[in-house]
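**Student:**
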Amino acid sequence: MNKKYYGVIPPIITPVDAYENVDEEGFRLLLEHCIKGGLHGMFVAGSNGETMALTQKERDNAIRIAVEQCRDRIPVMAGVMDTSTRRVIENIHKFEQLGGKCAVITSIFYARHTSQDETIRHFEQIVKETNVDIMIYNIPMFTGLALTANTIKEIAKFDRIVGYKDSGGNFPDFQQLLTHFEGSDFSMLQGTTAYAMASMLLGADGFVPSIAPLFPKLFVEAYEAGRSKNIELAMKYDVLLRETSKILGMTKNATAANKFALSTLGYTDKRIIAPQDPIKEEEEKNIIAKIAEINEKHETFRASLQ
1 MNKKYYGVIP PIITPVDAYE NVDEEGFRLL LEHCIKGGLH GMFVAGSNGE
51 TMALTQKERD NAIRIAVEQC RDRIPVMAGV MDTSTRRVIE NIHKFEQLGG
101 KCAVITSIFY ARHTSQDETI RHFEQIVKET NVDIMIYNIP MFTGLALTAN
151 TIKEIAKFDR IVGYKDSGGN FPDFQQLLTH FEGSDFSMLQ GTTAYAMASM
201 LLGADGFVPS IAPLFPKLFV EAYEAGRSKN IELAMKYDVL LRETSKILGM
251 TKNATAANKF ALSTLGYTDK RIIAPQDPIK EEEEKNIIAK IAEINEKHET
301 FRASLQ
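Take 1 as the starting number for the sequence shown in our numbering and just add one per residue.
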């Protein structure tokens, strides 16, 4: 097997300035922090990166910066999802010109009544007109369509379909696909942190947690525990990972919570894109306290292993 995409791959935020242009300096510093922290890859321009709220120019800019900063060190997966097949193909052509290697694609959205068959044709046409690796992305909360296990199997038959990121939360389907792709080069990535450790123990190749840049050591250790199939250790890490996910629920907007939490690293601002409400001062205090609590629990846990 030769898996290209594995490990802890955060869907990175897109830091912006007061004009909602990408904060290039801050973004590069955050990316470098992730690389030095041992994270295995980067997913730029996803929902956590507010990709559909950015202007097209700034979306392309965010992808460019990530590709440049991570080049030849960790792989970059870029969200090129859009509302039609042609628009996705055009997004990929721009990505190819930047030297990008792996495009992340959902079913189309906004259009009503998108079907499984239409989605299969969507991927088939994209493969015919592009040259990069393609990662299937299931995120029904934003697309309105939950891709079935059979649809994933059909799409995976096309050339250069290298993996599947599932944020749909259908764990039985994910288990079925783990069995189906076992022993292949196809990468299975869990997008729901609550299922990360269970997925790793059952053979997943990695997971995609948005809060990982804040706790890179914790997430890499958890990945290694899952990869080694150490059930007892993995389940202990599972408890800690679930604690990190609570940060995202401490405001009404998970991205706002994530951006503020990552801003405490000192590289980026907490600003989110209009018209979303900014995080409240009391929420900030609660998040800071939660971060300190998690760090303390992690250190205590690591000490207990020695």
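Yeah, the Cβ is synthetic: ideal placement off N, Cα and C, and Gly gets one too.
It should be emphasised that the depicted structure is a prediction, and the values quoted were computed from it without experimental measurement.
(1) Is residue 258 buried or exposed, if buried means 16 or more other CB atoms sit within 10 Å of its CB?
(2) Could you check where the beta strand (DSSP E) with residue 134 kicks off and where it finishes?
(3) So with Cβ pairs under 8 Å, would you call residue 186 a contact of chain B?
(4) Among all the DSSP beta bridges, which residues are the ones paired with residue 252?
(5) I need the DSSP call for residue 109, collapsed to helix, strand or coil.
(6) Between 85, 156, 229, which lies nearest to residue 118 when the distance is taken from Cα to Cα?
(7) Compare the C-alpha of residue 186 against each of 193, 178, 76 and name the closest.
(8) Excluding the five sequence neighbours on either side, which residues of its own chain have a C-beta within less than 6 Å of the C-beta of residue 195, listed in chain order?
(9) In terms of residue numbering, what span does the alpha helix (DSSP H) encompassing residue 241 cover?
(10) Is it buried or exposed, residue 261, if we count other Cβ atoms within 10 angstroms and call 16 or more buried?
(11) Could you spell out the range, first to last residue, of the beta strand (DSSP E) harbouring residue 188?
(12) Can the beta-carbon of residue 22 be found less than 8 Å from the beta-carbon of residue 48?
(13) Label residue 11 either buried or exposed according to how many other C-beta atoms from any shown protein chain fall within 10 Å of its C-beta, with 16 as the threshold for buried.
(14) In chain order, what residues of the same chain have a beta carbon less than 6 Å from the beta carbon of residue 254, not counting five sequence neighbours either side?
(15) Taking the alpha-carbon positions, what's the residue 162 to residue 6 distance?
(16) Roughly how many angstroms separate the alpha carbons of residue 310 and residue 120, rounded to a whole number?
(17) Would you mind stating whether residue 225 and residue 233 have Cβ atoms separated by less than 8 Å?
(18) Could you tell me if residue 160 is buried or exposed, where buried requires 16 or more neighbouring beta carbons within 10 angstroms of its beta carbon?
(19) According to DSSP, is residue 285 helix, strand or coil?
(20) I'd like to check one pair, residue 215 with residue 199: are the Cβ atoms closer than 8 Å?
(21) Output the boundary residues of the beta strand (DSSP E) element that contains residue 79.
(22) By DSSP, does residue 166 sit in helix, in strand, or in coil?
(23) Within its chain, find whatever has a CB closer than 6 Å to the CB of residue 271; leave out the 5 residues flanking it on each side and keep chain order.
(24) With three or more beta-carbon pairs closer than 8 Å as the criterion, would you say the region 52-61 touches the region 289-301?
**Tutor:** According to the structure data:
(1) Looking at its Cβ environment, which holds 16 or more other Cβ atoms inside 10 Å, residue 258 is buried.
(2) Note, residue 134: beta strand (DSSP E), 133-138.
(3) No chain B is present in this structure, which holds just one protein chain.
(4) BP columns for residue 252 are empty, so no partner.
(5) Coil at residue 109, not helix or strand.
(6) Nearest option by C-alpha distance: 85.
(7) The residue among 193, 178, 76 with its C-alpha nearest the C-alpha of residue 186 is 178.
(8) Leaving aside the five residues that flank residue 195 on each side, the residues in its chain whose CB is nearer than 6 Å to its CB run, in chain order, 171.
(9) 231-245 is the span of the alpha helix (DSSP H), which, as asked, contains residue 241.
(10) When all chains shown are included, residue 261 counts as buried.
(11) Per DSSP, residue 188 belongs to the beta strand (DSSP E) from 187-190.
(12) At least 8 Å separates the beta-carbon of residue 22 from that of residue 48.
(13) Residue 11 comes out buried.
(14) Here residue 254 has 248 as same chain residues with Cβ atoms under 6 Å from its own Cβ, once five neighbours each way along the sequence are excluded.
(15) Approximately 11 Å between the Cα atoms of the pair.
(16) Nothing can be reported for residue 310, as the shown portion of the chain is limited to 1 through 306.
(17) The answer is yes: Cβ separation under 8 Å.
(18) It is exposed - the Cβ of residue 160 has fewer than 16 other Cβ atoms within 10 Å.
(19) Look at residue 285 here: in three-state DSSP terms it is helix.
(20) No.
(21) Judged by DSSP secondary structure, residue 79 falls within the beta strand (DSSP E) whose first and last residues are 76-79.
(22) If DSSP states are grouped into helix, strand and coil, residue 166 belongs with the strands.
(23) Within the same chain, residue 271 has close Cβ partners 16.
(24) With a cut-off of 8 Å, the region 289-301 and the region 52-61 do not count as touching, because too few Cβ pairs lie within range.
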